[in-house]
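*Asks:* Structure incoming, see below.
Numbering (my numbering), first residue to last: 613 to 1138.
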């Protein structure tokens, strides 16, 4: 066993002792169990060496060329391409196709001992992870930052010593805790906030020593916890698995008696005209012309490569609810969806009888918890203003159809824009402004169709470029200006071709409300 494997094995055993009270076997034995509800790693073969390469995304054209980050030679430059015959967007794309290699095994910054992973920054001792930053000792975790000793987590942030926990923020020492914030020592629970020592609980806030939403004594709680954890440990040791929170929820029966009715809240008035104006202004900045028709006219195009959001009705009030497909929200029963306010309202009023609570165990929980299971696909912190069809936010203003609007404003059809402004049709875009259809990038300004890029401005149709300005159709390069297909051109020649391309793009968008060429299919051999 290599040193990284030994280190992760040691951290796994230590975390099992902390969370479950004892070791349950080797990490290798439990990889299948802890990866059950995490995003799969996309594997390709390098077109350069044939070695396996890990990717976060599966959007790239299937017959593209693949390359590992460590195989890129940033000093090499292709020969200058004769672009005098270029008359359209497709002709430029075709002429520059030779440089279009999609990069995987992306492990950057101060990182070490990372395997089978991609889109990793400043991390140590990771195995089979994607989109993780500033973390260490993680296995089968996706979409996370500032975590330690987490095994099997989808959307984890600032969490420690968690096993099979999903959508966690500032959680610790927990097992099968889902969609909860600032909690510790919790098991088989959902939708908690600021809670400690809870088991089989739903939508509680500021509670401790609760079972089935019932407050019990510390001694009673410890008895139930010991029984349930021993059952889980036994199954984990014998078969390598134990029921998940999803298993219990999906097997439970809905409550048939009438629910308490939440007082009707005044409907919040929103105005998306601010976002519409930002979209028009951004299109003019990017294309030289202002797109007409409004955001919703381009909805299919803008939403094509972001985490999708669907809209449901609350089972309590009929209120419209946004459900975004990430961190397992979309696999949970839709008929149990409520708003965040409704979830907390029900959490305060629904509980098992104390007799039922004290008789709970891992074998009968699904038969008893049905009356408690109501699911909110929303969470929020800080302030908000003028958010329309947004379900996750922290201090956000003037956004439309955004999931994860974090310190952002004037964004539309986005997933997780953080500290960004006037961004549209983008996914996981940090510290950026005036961008359309940009993905998994940071510090972009006035960019269109960029993927996995950083510190760039006025760039189009590029992948894995850094510190570039005024570049088009570039792949895996750094510090270029006025470049097309990784080759620098005289400013006048570059601007001529850029004007030709932007005119072509604008006409097609105005006519068809979409564009078939995108950063994910540029590498297609055809």
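Think of the CB as a built atom: it goes at the ideal place given N, C-alpha and C, for glycine as much as any other residue.
Alpha carbons only, please: which of 1052, 833, 653 is nearest the one belonging to residue 966?
*Replies:* 833
*Asks:* Taking its Cβ as the centre, do 16 or more other Cβ atoms sit within 10 Å of residue 1016, making it buried, or is it exposed?
*Replies:* Classification for residue 1016: buried.
*Asks:* Start and end of the beta strand (DSSP E) containing residue 1093?
*Replies:* 1093 to 1096
*Asks:* Under 8 Å between the Cβ atoms of residue 858 and residue 943?
*Replies:* Yes. Within cutoff.
*Asks:* Any chance you could list the alpha helix (DSSP H) runs of at least 4 consecutive residues sitting entirely within the stretch 637 to 698, in chain order?
*Replies:* 643 to 646
*Asks:* Helix, strand or coil for residue 1005, going by three-state DSSP, please let me know.
*Replies:* Three-state result, residue 1005: strand.
*Asks:* When burial is assigned at 16 or more other CB atoms within 10 Å of the CB, is residue 1037 buried or exposed?
*Replies:* buried
*Asks:* Using beta-carbon positions only, say whether residue 1024 and residue 1012 come within less than 8 Å of one another.
*Replies:* yes
*Asks:* Using the Cα positions of residue 863 and residue 753, report the straight-line distance between them to the nearest angstrom.
*Replies:* 26 Å
*Asks:* Can you tell me whether residue 1095 is buried or exposed, with buried defined as 16 or more other CB within 10 angstroms of its CB?
*Replies:* That one is buried.
*Asks:* Do residue 772 and residue 761 count as a contact pair if the criterion is CB distance below 8 Å?
*Replies:* yes
*Asks:* Are there 16 or more other CB atoms within 10 angstroms of the CB of residue 655, so buried, or fewer, so exposed?
*Replies:* exposed
*Asks:* Hey, residue 897 and residue 949 are a contact pair by Cβ (cut 8 Å); roughly how many whole angstroms apart?
*Replies:* That pair is no contact at about 38 Å.
*Asks:* Could you work out which residue in 680, 1026, 652 is closest to residue 661 when comparing CA atoms only?
*Replies:* Taking only the C-alpha atoms, the option nearest residue 661 is 680.
*Asks:* Terminal residues of the continuous beta strand (DSSP E) containing residue 814?
*Replies:* Per DSSP, residue 814 belongs to no beta strand (DSSP E) and is neither H nor E.
*Asks:* Could you compute how far the alpha carbon of residue 1075 sits from the alpha carbon of residue 1062?
*Replies:* Roughly 6 Å separates the two Cα atoms.
*Asks:* To the nearest angstrom, how far is it from the Cα of residue 670 to the Cα of residue 901?
*Replies:* 32 Å
*Asks:* Going by the DSSP bridge assignment, what does residue 1077 pair with across the sheet?
*Replies:* 1089
*Asks:* Who does residue 1054 pair with in a DSSP beta bridge?
*Replies:* 1042, 1066
*Asks:* Compute the distance between the beta-carbons of residue 668 and residue 717, then report whether it is under 8 Å.
*Replies:* no
*Asks:* Buried or exposed: residue 743, going by 16 or more other Cβ atoms within 10 Å of its Cβ?
*Replies:* buried
*Asks:* Using three-state DSSP, classify residue 931 as helix, strand or coil.
*Replies:* coil
*Asks:* Counting pairs of beta carbons, one from the stretch 899 to 919 and one from the stretch 1101 to 1119, are three or more of them closer than 8 Å?
*Replies:* yes
*Asks:* Give the range of the beta strand (DSSP E) segment to which residue 733 is assigned.
*Replies:* Run containing residue 733: 730 to 733, per the beta strand (DSSP E) assignment.
*Asks:* Residue 1136 and residue 659 - do their beta-carbons sit closer together than 8 Å?
*Replies:* no
*Asks:* Could you work out which residue in 741, 1048, 795, 733 is closest to residue 727 when comparing CA atoms only?
*Replies:* Nearest in C-alpha terms to residue 727, of all of 741, 1048, 795, 733, is 741.
*Asks:* Indicate the three-state DSSP secondary structure (helix, strand or coil) for residue 783 in the structure shown.
*Replies:* coil
*Asks:* Taking all protein chains shown into account, decide if residue 866 is buried (16 or more other Cβ within 10 angstroms of its Cβ) or exposed.
*Replies:* exposed
*Asks:* Rounding to the nearest angstrom, what Cα-Cα distance links residue 995 and residue 869 in this structure?
*Replies:* 36 Å
*Asks:* Identify whether residue 961 lies in helix, strand or coil by the three-state DSSP scheme.
*Replies:* helix
*Asks:* Taking 8 Å as the limit between beta carbons, can you name the residues of its chain near residue 831, skipping five residues before and five after?
*Replies:* none
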